[in-house]
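Note that my numbering has the sequence shown beginning at 3, numbered continuously upward.
No residue lacks a Cβ here, since even glycine has one placed at the ideal position from N, Cα and C.
Owing to the predicted nature of the structure, the values given are computational and were not obtained by experimental measurement.
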Amino acid sequence: MTDVLSAVCMVSGLDRETICGPRGAPTVASTRQLAMLVMRRHCAARSTPEIGRFLSRDHTTVISGCRSAERRLAEDPEYQDLYEAVREYIGIEGAAA
């Protein structure tokens with residue numbers, strides 16, 4: 003999960019403390035949700051409680067965040083580009099999963 007968070011930090015320009023911190027500004031929250039989604043989809047055998055602990059969030063927040071990120075991914079080309087950039091950075095190839 004560390005590699006995903008590093009990739010999200012690199013492509014978003016936000017640091018780890020900001021993403022894992024308590025701030026809920028829309029840009030920070032959507033970036034955090036993107037990290038949750040990538041972790042959920044691509045970190046095999048990681049549960050929502052594990053992802054939540056890693057990001058200093060409750061597991062229900064991870065579930066909600068993944069749903070929000072999936073909706074935004076379906077509608078927002080810029081968010082899709084960010085998602086693909088994260089996947090590319092960590093070496094995941096192919097169409098969006």
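So Ser58 and Gln35 are supposed to be a Cβ contact under 8 angstroms. How far apart are they, rounded? Position 56 of the sequence shown, counted from the first residue, corresponds to residue 58. Position 33 of the sequence shown, counted from the first residue, corresponds to residue 35. With 8 angstroms as the limit, Ser58 and Gln35 do not qualify as a contact, their Cβ atoms being about 14 angstroms apart.
Please work out which residues of its chain come closer than 7 angstroms, Cβ to Cβ, to Leu16, disregarding the five sequence neighbours upstream and downstream, and give them in chain order. As a working mapping, residue 16 is identified with position 14 in the sequence shown. Val30, Thr33.
Classify Asp17 as helix, strand or coil using the three-state DSSP reduction. Working through the sequence shown from its first residue, we reach residue 17 at position 15. In this structure, Asp17 counts as coil in the three-state DSSP scheme.
Measure from the alpha carbon of Ser66 to the alpha carbon of each residue in Ala87, Ala27, Leu39, then state which is nearest. For this step, residue 66 is matched to residue 64 along the sequence shown. Looking at the Cα atoms, Leu39 is the closest of the given residues.
Can you tell me whether Met12 is buried or exposed, with buried defined as 16 or more other CB within 10 angstroms of its CB? Within the sequence shown, numbered from 1, the residue matching residue 12 stands at position 10. Flag for Met12 reads exposed.
How far does the alpha helix (DSSP H) with Cys68 in it extend, from its first residue to its last? Here residue 68 refers to the residue found at position 66 of the sequence shown. It spans 61-77 - the alpha helix (DSSP H) in which Cys68 sits, taken as one unbroken run.
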